[in-house]
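As numbered in mature numbering (1 follows the signal peptide of the UniProt record, and there is no 0), residues -25 to -1, 1 to 101 make up the sequence shown, in order.
For reference, the structure discussed in these notes is given below.
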Amino acid sequence: MRSALGLSHWCSLLLLLSLVTAPRGLEVGDLFSQGKPPAVKQDCSRTCESKFCTVPPVLRYGKYCGILYSGCPGEKPCDALDACCMVHDHCVAANNSTISSPSSTHFSSSIYLNRKDRTGGKHVRF
């Protein structure tokens, strides 16, 4: 009984934290800055990054992968996954797309194929 109570306290804490941080989830400026508000628009990226890959609201990879994060015009993607993000960014910009649009459907299938190529067809979880 004692371990179940301890678990429920942790679950309550996690729920509270998710409710407090959820409204800021898409504000992807530098969330770790010292008292500075997140940037609304980022400059384009010219460097391959893997910074914040495991931090859910930020998630930046390569030059093109991440919310409100994109490479500079003419920049080559870092790898096949970054190329998927680049194609998605261009599609969204050209069509003023939303998450349920063909841009996002193509993006999802592109990521799946990229993952399949890297694992030899084995099913792998993200």
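Glycine included, C-beta positions come from ideal geometry on N, C-alpha and C.
Asked, Found
"Take the Cβ of residue 51 as the centre, count every other Cβ of all protein chains shown within 10 Å, and call the residue buried at 16 or more, exposed below.", "exposed"
"With a threshold of 8 Å on Cβ separation, who are the neighbours of residue 48 within its own chain once the five nearest residues in sequence on each side are excluded?", "19"
"Taking residue 56 as the reference, which of 68, 30, 29 and 41 has the closest Cα?", "41"
"What do you get for residue 30, buried or exposed, if any count of 16 or more other CB atoms within 10 angstroms of its CB means buried?", "exposed"
"CA-CA distance, residue 106 and residue 37?", "The question about residue 106 has no answer, for the chain in this structure spans -25 to 101."
"Check residue 23 in the structure and name its three-state DSSP category.", "coil"
"Going by DSSP in three states, residue 47 sits in which element: helix, strand or coil?", "coil"
"Tell me, please, which residues DSSP counts as bridged to residue 66.", "According to DSSP, residue 66 bridges with nothing at all."
"Expressed to the nearest angstrom, what Euclidean distance is found between the alpha-carbon atoms of residue 64 and residue 26?", "19 Å"
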